[in-house]
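Presented below is the structure to which this report refers.
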Amino acid sequence: MDAVQARSDFAAWHAARPDNWYTSDRHLRALVAATLDPDRRSTLDDRATEFGGVIATHVPALVEQYEAPLRLPEAVPYDGAGNPVHEIRFDAAYHQAGRIIWGSGVVADAATAGRSYEIGVLSYLIAHEGEMGHACPVVCSIGLIRSLRRRADDEIAGRFLPPLIERDYDIAHRGAQFLTEVQGGSDVGSNALRADRVGDGTYRLTGEKWFCSVADADQFLVTARPDPDVSGTAGLGCFVVPRRVDGRPNGFTVRRLKDKLGTRGMASAEIDFEDAIGYPVGPVEEGFKTAVTAMLNTSRWLNAVGGCGMLRRSYVEAGSYALHRRAFGSPIAAFPPVRRLLAGLKVEWLAALYGTWWLTGLDEAVDTGAAGSDEEGLHRFLVNANKYVVSVRTTAAVRDAIEVLGGNGAIETFSVLPRLLRDAVVYEQWEGTHNVLVAQVLRDLGKLGLGAIVVDRISRTLKGITHPESAEAADAALAELEDLSRRIERSSVEPDYGALHFRGHLEQLMRVVQAAELLAAGDDHADHELGAELRAAADLMVRLEMIPGYRADDDPLLLERIDAVLGSDGVVQV
233 MDAVQARSDF
243 AAWHAARPDN
253 WYTSDRHLRA
263 LVAATLDPDR
273 RSTLDDRATE
283 FGGVIATHVP
293 ALVEQYEAPL
303 RLPEAVPYDG
313 AGNPVHEIRF
323 DAAYHQAGRI
333 IWGSGVVADA
343 ATAGRSYEIG
353 VLSYLIAHEG
363 EMGHACPVVC
373 SIGLIRSLRR
383 RADDEIAGRF
393 LPPLIERDYD
403 IAHRGAQFLT
413 EVQGGSDVGS
423 NALRADRVGD
433 GTYRLTGEKW
443 FCSVADADQF
453 LVTARPDPDV
463 SGTAGLGCFV
473 VPRRVDGRPN
483 GFTVRRLKDK
493 LGTRGMASAE
503 IDFEDAIGYP
513 VGPVEEGFKT
523 AVTAMLNTSR
533 WLNAVGGCGM
543 LRRSYVEAGS
553 YALHRRAFGS
563 PIAAFPPVRR
573 LLAGLKVEWL
583 AALYGTWWLT
593 GLDEAVDTGA
603 AGSDEEGLHR
613 FLVNANKYVV
623 SVRTTAAVRD
633 AIEVLGGNGA
643 IETFSVLPRL
653 LRDAVVYEQW
663 EGTHNVLVAQ
673 VLRDLGKLGL
683 GAIVVDRISR
693 TLKGITHPES
703 AEAADAALAE
713 LEDLSRRIER
723 SSVEPDYGAL
733 HFRGHLEQLM
743 RVVQAAELLA
753 AGDDHADHEL
763 GAELRAAADL
773 MVRLEMIPGY
783 RADDDPLLLE
793 RIDAVLGSDG
803 VVQV
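Quick note, the sequence shown lines up with residues 233 to 806 if you use our numbering.
If you want it as structure tokens, here you go:
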């Protein structure tokens, strides 16, 4: 093979990339078809088809332009006449992409309770290009909308909600959440930003915030302390702070922009407040509850949705490349080590997608107020556990996809993978470090008694599997669940043991959750081919030792299962 042929193969690889991220995703479309009523499904199909095409064909060139090193956001403290403006300047291509994304209605959907599936599908499609400077503003805006809709009084909601739910990007307000302080990080209870009440019911906020993503937002959701004598998270209020008052900056200055590893198209900053006007969102004494339930839980859910989109893009990128890239006389997809790696990528994507789809349904039930106590408990568990596991696995999977491309995988202009890897690392830190999320789950399992609810739900799902091809995987998952239930109970009653070991237990528990969702979806699937693929994916989770208790050594069925996951004809299908 000469250089001309190699370049021709590269061209064929690019030409084979899907021109629509929605219509080419049989699993996502099957989930939509199985979940939503006909009218709602038809409307979402139309919207997602249009949006999936634009994201695949038009947006990538825009992102490449404004994420280039010399075109990244810059802080503008003063205008030409020396007046303070504290604005963020973006490349024109950034706003072109924003018009497409806001025009999809993904943010406007948050104005109505019960649109979680619509928001989830559109956010998933966005993430095929990584965060690209807009996924975080979308998520933060949705979280602020939900905070105002659920918690704010009518006057404040009526004032701040309408511009947030505009679909016209050029007039819509974008939302942000500023929680982190330099001493506070994950220890939100140590935050010190002061909120002084004035006679008209508003507050004046003074202090600093250390990590403020979407620094160009028009509205900020800010935690601050109205009573310095009340310590910890119990003393935090939650406030919406408009960017401008009477056309001027509302008592804040942008100290500097953060130079981040990833999510570079989105501006993050350090911001100082001095007598900034803030309006309480919900009862001031319940500020931390407002920030967590409406804002952080929304972000953690959509963070995992974004991870699913990046997982799928990584699989597609690597799988298609392996079909077209030749070495030693054959496409590299023909070599067993590559096939095993690709099968692992696909299993990670499917496991994350089906597990996160369950969470999306729970999110919708919570958002509409239809969730029962068990559903609320499952949501509280899954929103934290799923965010942790999906974000960790996304980073590892993107790295595996880069391995398939070899040295080409490290070239910024060759594929989207370097950007996905950078963004995935930032997704891991978004809305709580891993240890903080794991500790929260452990507290909830013990204090709220969620352990029994979670184990019972998963156990019933696994015991309800009937397809004979699923028996081995279901039995292995059940055995692991029984062992984990004992370890989780011990973690709940022995703090030292739990602190050291529960993180590993939670990872394995989420593997069982994912396998259960794959098996349940594949048990009686309307599409027999997809059902077989899901059953093979769950089975492969066991054979690749994602679920312990099985050794893949000398397994005569391992390659057969790999081929079943990648495609029934033995060729990678993307």
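Beta carbons: idealized from backbone N, C-alpha and C, even for Gly.
All of these numbers come straight from a predicted model, not from anything done at the bench.
Between the CA atoms of H760 and Y659 - distance to the nearest angstrom:
35 Å
Note down, one range per segment and in chain order, each beta strand (DSSP E) of at least 3 residues found wholly within the segment 487-569.
500-512
H405 - DSSP class collapsed to helix/strand/coil:
coil
Proximity of W334 and R381 at Cβ, strictly below 7 Å:
no
Are the beta-carbon atoms belonging to A706 and L694 less than 7 Å from one another?
yes
Quick one: what does DSSP say W442 is sitting in, helix, strand or coil?
strand
Would you please state the rounded distance, in angstroms, between the beta carbons of I509 and V473? I believe it to be under 8 Å.
7 Å
Below 7 Å between beta carbons: does that hold for P316 and P481?
yes
Neighbourhood of A244 by C-beta, 6 Å cutoff - its chain only, sequence neighbours within 5 removed
H556
Is it buried or exposed for R612, if we count other Cβ within 10 angstroms and need 16 for buried?
buried
Is T645 helix, strand or coil by DSSP?
coil
How long is the line joining the alpha carbons of H318 and I374, rounded to whole angstroms?
24 Å
C-alpha distance - T588 paired with R631, whole-angstrom precision:
21 Å
Nearest CA to the CA of G638: which residue from A559, A384 and V524?
A559
Which ranges would you report for the alpha helix (DSSP H) in the segment 270-294 if only whole runs of at least 4 residues count?
270-289
Enclosing beta strand (DSSP E) for T455 [first to last residue]
Q451 to A456
Since G469 sits in a beta bridge, which residues does DSSP pair it with?
A456
Nearest candidate by alpha-carbon position, reference R651, set F242, M542 and R692
M542
Helix, strand or coil: how does DSSP classify A796 here?
helix
Beta-carbon proximity list for G802, same chain, < 8 Å, skipping 5 on both sides
A caution first: G802 carries a pLDDT of 49, below 50, which makes its placement in the model too unreliable to give a value.
Among L376, A466 and E549, whose alpha-carbon lies nearest the alpha-carbon of D419?
A466
Is G551 near the ligand PLP, judged by its Cβ being under 6 Å from some heavy atom?
In the structure on display, the ligand PLP does not appear, and there are no ligands present to speak of.
By DSSP, does I320 sit in helix, in strand, or in coil?
strand
Tell me which same chain residues have a C-beta within less than 6 Å of the C-beta of N252, skipping the five on either side of it?
G284, G285 and A288
N-terminal and C-terminal residue of the beta strand (DSSP E) that A307 is part of
E306 to Y310
Where T627 falls: helix, strand or coil (DSSP)
helix
Quick one: what's got a C-beta closer than 7 Å to A550's C-beta in the same chain, skipping five residues either side?
L574, L577, A633, V636 and L637
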